[in-house]
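A.B. asks: Input: one structure, supplied below.
Residue numbers (my numbering), protein chains in the order written: chain A, 147 to 467; chain B, 33 to 303.
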């Protein structure tokens with residue numbers, strides 16, 4: 147397979163300015179095929195702007211971008227014929243029923259046969275649990291029902307790329323879990339590019355994450371890499387006994403950058419940051435166990451919560467400005 | 033689960049991608065609900081209510097007057113044909129403005145337009161589908177239906193068929209005028225998202241133009257505002273100082289200009 151076929155979205159220095167306000171600055175993004183790509187950032191970071199640029203709803207003021215290898219400005223219609231999009235606050239034609247809305251959406255992609263379109267509509271209503279409300283005008287829908295209809299219409303064409311802007315924002319916990327389940331199911335046949343504020347969700351389903359702040363990309367990579375810490379790897383040790391002498395010895399090892407110790411219920415926890423991951427994997431535990439005065443009950447590379455990573459990137463970026 | 037291979041894909045060229053679906057949607061909004069017969073009834077009441085009054089009630093009222101010369105000098109057919117193409121020109125233009133003023137602005141304000149344009153739909157298709165559906169509705173319900181009923185009433189009062197050729201030609205002029213105000217209103221829906229501005233410009237053009245046109249003398253024939261004088265003259269086969277096709281051509285050209293401006297502005301709009 148051509149490697150370029152494996153990249154669904156690629157942007158080069160993509161930017162968008164509204165007058166003097168730079169909403170998006172030099173974005174370089176790569177979204178791989180069949181990934182669930184979490185796009186994170188505080189309000190106003192430029193997430194929705196990026197999505198709208200990909201959909202041709204707005205035009206870039208600098209840089210360029212492709213989806214499926216096609217230019218987001220020149221080939222917008224061809225791109226949109228392979229995309230499903232759920233806006234942040236989905237709005238539909240108020241007098242249309244849920245079924246009519248899905249039929250209308252399907253007919254942007256397919257002309258027939260009618261039975262196949264009706265069947266697809268039925269499947270989508272079933273997928274999002276709106277069968278019993280299918281004949282109700284959308285104007286009477288709650289925020290959650292509207293969101294579910296939004297999910298259904300975004301998938302009606304079985305898109306190669308699904309762009310979801312805050313897909314679970316208006317949903318209750320059960321609805322939220324349902325959305326995550328649907329996303330997991332779709333992973334096999336589509337690529338999902340979505341934004342959210344709910345970091346737990348990202349950690350559950352995403353395989354790749356990008357963090358945007360003030361219109362700039364501050365981090366991007368596989369979620370495992372981000373959770374492992376992006377700067378110096380940190381190893382956590384939980385030990386019993388007097389480890390002061392060992393601590394001094396460890397601190398002097400060439401690959402150790404620093405140790406933070408904390409005491410709790412008679413046990414001592416060390417956070418050892420290292421500069422050479424391979425050397426630490428091989429030698430750090432041995433060095434500590436060489437001291438017979440201490441017992442090690444836990445040793446592992448520290449895994450961060452996404453919230454910590456997100457906060458450190460966003461706040462670090464804010465402090466740096 | 034139905035696979036995508038089971039479907040016939042849309043094959044429209046890029047520039048009019050989505051047109052057929054959007055036109056069907058717009059037509060459904062007009063003809064698939066009670067909207068069409070409510071509008072048909074309302075405009076029949078307004079336009080042909082006036083016709084019936086001028087043709088049948090006015091002569092009776094004048095005969096009840098003490099001065100018999102009033103009734104003798106009143107020509108019901110002449111008056112009503114004049115009124116149809118004079119007042120009707122303004123009334124139907126007003127109808128076109130009121131019926132289309134929310135079409136684009138409403139969808140811009142609600143966010144529906146963003147949803148539609150996120151699908152494989154060209155911007156030209158979006159605008160032209162609204163224009164086409166509204167034009168069909170306005171031409172059928174406002175111009176065609178009202179003119180047909182009025183022609184029947186006039187012929188009834190005339191005691192025989194009113195000359196059809198000049199009448200149809202004037203109805204054509206009425207259609208051109210009504211389409212101009214429709215195109216103007218839809219264009220304003222693209223240029224502004226403010227209903228007040230939209231209505232201000234469209235109604236200002238209609239009513240302000242009538243006032244301005246009255247000060248322009250024969251030069252008003254180069255504007256749509258002279259339609260109120262040109263169309264009755266056309267229907268009644270009366271002469272005008274300049275060729276009668278002039279305001280028709282000017283108005284048609286302005287209609288195309290409005291469509292062109294709207295398409296150009298819409299192409300670069302952001303949502």
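C-beta: ideal position from N, C-alpha, C; glycine also.
If residue 253/A and residue 36/B are in contact, beta carbons under 8 Å, what's the gap, nearest whole angstrom?
C.D. replies: Incorrect: roughly 14 Å between the Cβ atoms, too far for contact.
A.B. asks: From residue 186/A to residue 204/B, what does the alpha carbon distance come to, in whole angstroms?
C.D. replies: In a straight line, the C-alpha of residue 186/A is about 59 Å away from that of residue 204/B.
A.B. asks: Going straight from the alpha carbon of residue 78/B to that of residue 184/A, what length do you get?
C.D. replies: Between the C-alpha atoms of residue 78/B and residue 184/A there is a straight-line separation of about 59 Å.
A.B. asks: With a cut-off of 8 Å on the beta carbons, I'd call residue 244/A and residue 276/A a contact; round off their distance for me.
C.D. replies: 5 Å
A.B. asks: Just mark residue 304/A as buried or exposed, buried being the case when its beta carbon has 16 or more other beta carbons within 10 Å.
C.D. replies: buried
A.B. asks: Kindly indicate which residue of 417/A, 178/A, 380/A, 373/A has the alpha-carbon position closest to the one of residue 457/A.
C.D. replies: 373/A
A.B. asks: When the Cα atoms are used, what is the spatial distance from residue 147/A to residue 166/A?
C.D. replies: Reliability fails at residue 147/A, whose pLDDT of 46 lies under 50, so the model's placement of it is uncertain and no value is given.
A.B. asks: Taking contact to mean at least 3 C-beta pairs separated by less than 8 Å, is the region 218-228 of chain B in contact with the region 132-146 of chain B?
C.D. replies: yes
A.B. asks: Report yes if the CB atom of residue 126/B is closer than 8 Å to the CB atom of residue 55/B, and no otherwise.
C.D. replies: no
A.B. asks: How close, in whole Å, do the beta carbons of residue 240/A and residue 267/A come, if the pair is a contact with beta carbons under 8 Å?
C.D. replies: Between residue 267/A and residue 240/A the Cβ distance is about 19 Å, and since that is not below 8 Å, they are no contact.
A.B. asks: With 9 Å as the C-beta to C-beta threshold (strictly closer), list the residues of the region 159-171 of chain B near chain A in chain order.
C.D. replies: none
A.B. asks: Given a threshold of 16 other Cβ atoms within 10 Å of its Cβ, counted over all protein chains shown, does residue 117/B qualify as buried or as exposed?
C.D. replies: buried
A.B. asks: Runs of 3 residues minimum, wholly inside the region 332-363 of chain A: which ones carry the beta strand (DSSP E) assignment?
C.D. replies: Listed in chain order, the complete beta strand (DSSP E) runs (minimum 3 residues) inside the region 332-363 of chain A are 337-341, 354-359.
A.B. asks: If you reduce the DSSP assignment to three classes, tell me which class residue 140/B lands in.
C.D. replies: helix
A.B. asks: Thinking residue 214/B and residue 123/B are a contact (beta carbons under 8 Å), I'd like their distance in whole angstroms, please.
C.D. replies: About 14 Å separates the two Cβ atoms, so there is no contact after all.
A.B. asks: Indicate whether residue 182/A and residue 351/A have their beta-carbon atoms separated by less than 8 Å.
C.D. replies: yes
A.B. asks: When the cut-off is 8 Å and only beta carbons count, does residue 299/B lie next to chain A?
C.D. replies: Chain A contact via Cβ: absent.
A.B. asks: Indicate whether residue 354/A and residue 178/A have their beta-carbon atoms separated by less than 8 Å.
C.D. replies: yes
A.B. asks: Of all the residues that make up the region 440-454 of chain A, which are near chain B by a beta-carbon distance shorter than 7 Å?
C.D. replies: none
A.B. asks: Out of 87/B, 259/B, 121/B, point me to the one whose CA is closest to residue 171/B's CA.
C.D. replies: 121/B
A.B. asks: Label residue 285/B either buried or exposed according to how many other C-beta atoms from any shown protein chain fall within 10 Å of its C-beta, with 16 as the threshold for buried.
C.D. replies: exposed
A.B. asks: Could you tell me if residue 312/B is buried or exposed, where buried requires 16 or more neighbouring beta carbons within 10 angstroms of its beta carbon?
C.D. replies: The question about residue 312/B has no answer, for chain B in this structure spans 33 to 303.
A.B. asks: Got a sec: is the Cβ-Cβ distance from residue 150/B to anything in chain A below 8 Å?
C.D. replies: Answer yes: the Cβ-Cβ gap between residue 150/B and chain A drops below 8 Å somewhere.
A.B. asks: Counting only the same chain and skipping the five closest in sequence on each side, list residues whose C-beta sits under 8 Å from that of residue 49/B.
C.D. replies: The beta carbon of residue 49/B sits closer than 8 Å to the beta carbons of 42, 152, 153, 154, 157 from its chain, once the five residues preceding and following it are set aside; these are given in chain order.
A.B. asks: Taking 8 Å as the threshold (beta carbon to beta carbon), is residue 284/B in contact with chain A?
C.D. replies: Chain A contact via Cβ: absent.
A.B. asks: Cβ of residue 322/A less than 8 Å from any chain B Cβ?
C.D. replies: no
A.B. asks: Give me, in chain order, the residues of the same chain whose beta-carbon lies closer than 6 Å to that of residue 238/A; leave out the 5 immediate sequence neighbours on both sides.
C.D. replies: Excluding five sequence positions before and after residue 238/A, the CB atoms of its chain that fall closer than 6 Å to its own CB belong to 247, 284, given in chain order.
A.B. asks: Per the DSSP calculation, residue 400/A is bridged to which residue(s)?
C.D. replies: Residue 400/A pairs with nothing; no bridge assigned.
A.B. asks: Mind checking if residue 466/A is an interface residue toward chain B, Cβ cutoff 8 Å exclusive?
C.D. replies: With a pLDDT of 49 at residue 466/A, under the threshold of 50, the predicted position of this residue should be treated as unreliable, though the coordinate-derived value follows. No, residue 466/A does not count as interfacial toward chain B.
A.B. asks: To the nearest angstrom, how far is it from the Cα of residue 451/A to the Cα of residue 160/A?
C.D. replies: 29 Å
A.B. asks: To which residues does DSSP link residue 217/A through a beta bridge?
C.D. replies: 212/A
A.B. asks: My parser needs the alpha helix (DSSP H) runs of 4 or more residues fully inside the region 38-104 of chain B; what are they?
C.D. replies: 51-63, 67-75, 81-84, 90-95
A.B. asks: Using a C-beta cutoff of 8 Å, does residue 59/B count as contacting chain A?
C.D. replies: no
A.B. asks: When the Cα atoms are used, what is the spatial distance from residue 280/B to residue 287/B?
C.D. replies: Rounded to whole angstroms, residue 280/B to residue 287/B spans 10 Å at the Cα level.
A.B. asks: Rounding to the nearest angstrom, what Cα-Cα distance links residue 152/A and residue 215/A in this structure?
C.D. replies: Distance between the alpha carbons of residue 152/A and residue 215/A is about 10 Å.
A.B. asks: With 16 other CB atoms within 10 Å as the buried threshold, where does residue 453/A fall?
C.D. replies: exposed
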